Amino acid sequence: MTVQTRIEGIAAPLPVANLDTDQIMPKQFLLRIDKAGLAKGLLYDMRFDLDGNSRPECVLNQTEYAGTRILVGGPNFGCGSSREHAVWGLQQYGIDAVIAPSFGEIFYSNAMNNKLMLVALAQADIDLLLADISSPSDKHVLIDVESMTVRSKSLAASFSLSERHRRMFLEGLDMVGATLAMQEQINEFATSHWQKRPWLKNLASKTRESLT
Numbered sequence: 139m140t141v142q143t144r145i146e147g148i149a150a151p152l153p154v155a156n157l158d159t160d161q162i163m164p165k166q167f168l169l170r171i172d173k174a175g176l177a178k179g180l181l182y183d184m185r186f187d188l189d190g191n192s193r194p195e196c197v198l199n200q201t202e203y204a205g206t207r208i209l210v211g212g213p214n215f216g217c218g219s220s221r222e223h224a225v226w227g228l229q230q231y232g233i234d235a236v237i238a239p240s241f242g243e244i245f246y247s248n249a250m251n252n253k254l255m256l257v258a259l260a261q262a263d264i265d266l267l268l269a270d271i272s273s274p275s276d277k278h279v280l281i282d283v284e285s286m287t288v289r290s291k292s293l294a295a296s297f298s299l300s301e302r303h304r305r306m307f308l309e310g311l312d313m314v315g316a317t318l319a320m321q322e323q324i325n326e327f328a329t330s331h332w333q334k335r336p337w338l339k340n341l342a343s344k345t346r347e348s349l350t
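Numbering-wise, this note's numbering puts 340 at position 202 of the sequence shown, and it's gapless, one number per residue.
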């Protein structure tokens with residue numbers, strides 16, 4: 139896993155309220171059981187018309203926002219279903235972070251567990267950020283994970299992050315890695331648990347053996 143202490147680059151404005159996971163990744167692109175090939179489907183109906191032609195009004199189709207790494211969204215970004223493909227599609231397109239006033243709860247968990255950084259800022263800070271990145275010369279944004287700050291030309295704002303998620307980004311861990319990092323504590327708990335409740339140890343095996 140990649141260590142991410144800073145996420146910086148071009149930020150694109152997408153201030154759409156209640157942008158749901160079905161819009162982020164439409165159902166027709168859910169054709170595979172793995173995570174591959176989802177970049178094409180990202181925000182497809184916003185990026186393309188019914189004939190598959192690029193919509194020039196979509197910010198991601200505009201040359202000055204080519205290589206966007208950060209999206210600045212509207213409130214309740216990622217609401218709707220638990221479609222994890224929405225997170226994977228954003229990452230495969232090259233998006234490493236989304237900044238918005240708020241996020242759908244399940245989307246937030248899916249994103250952070252997959253190391254897509256989500257930063258919640260007050261609407262006033264979002265407005266400053268959107269004003270900055272609307273100018274082609276000021277669309278560079280920095281997210282400093284270690285100090286938990288966002289910086290643009292006019293904005294220097296702090297954000298909150300759980301210590302678990304902060305550590306996962308700074309140490310390059312996914313959920314499994316974060317769990318394995320606590321192997322010693324897990325072993326100590328298991329030893330104490332079996333000492334206190336020995337009759338529960340291997341209960342499934344003992345039950346199966348008694349039935350054969």
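We put the CB at the ideal spot given by N, CA and C, even for glycine.
Every value quoted in this text rests on a predicted model; they were computed, and no experiment measured them.
Boundaries of the alpha helix (DSSP H) harbouring Met184: Tyr182 to Arg185, taken from the DSSP string.
The C-alpha of Gly242 is placed about 5 Å away from the C-alpha of Asn214. A Cβ-Cβ contact shorter than 8 Å links Met306 with Ala316. With a cut-off of 8 Å on Cβ pairs, the region 214-225 is in contact with the region 148-166, counting three or more such pairs. For Glu222, the secondary structure class from DSSP, reduced to helix, strand or coil, is coil. Three or more Cβ pairs drawn from the region 276-295 and the region 249-261 lie within less than 8 Å of each other, which places the two stretches in contact. When DSSP assignments are scanned along the region 232-284, the uninterrupted stretches of alpha helix (DSSP H) that are 4 or more residues long and fall wholly within it turn out to be 243-251 and 261-271.
Of the candidates Gly232, Trp226 and Ile208, Ile208 places its Cα closest to the Cα of Ala238. If you draw a straight line from the Cα of Asp172 to the Cα of Ile145, it comes to about 26 Å. In the DSSP assignment, Thr287 falls within the unbroken beta strand (DSSP E) covering Thr287 to Arg289. Note on geometry: alpha-carbon atoms of Asp265 and Ala328 lie some 50 Å from one another.
Beta-bridge partners assigned by DSSP to Glu146: Leu280.
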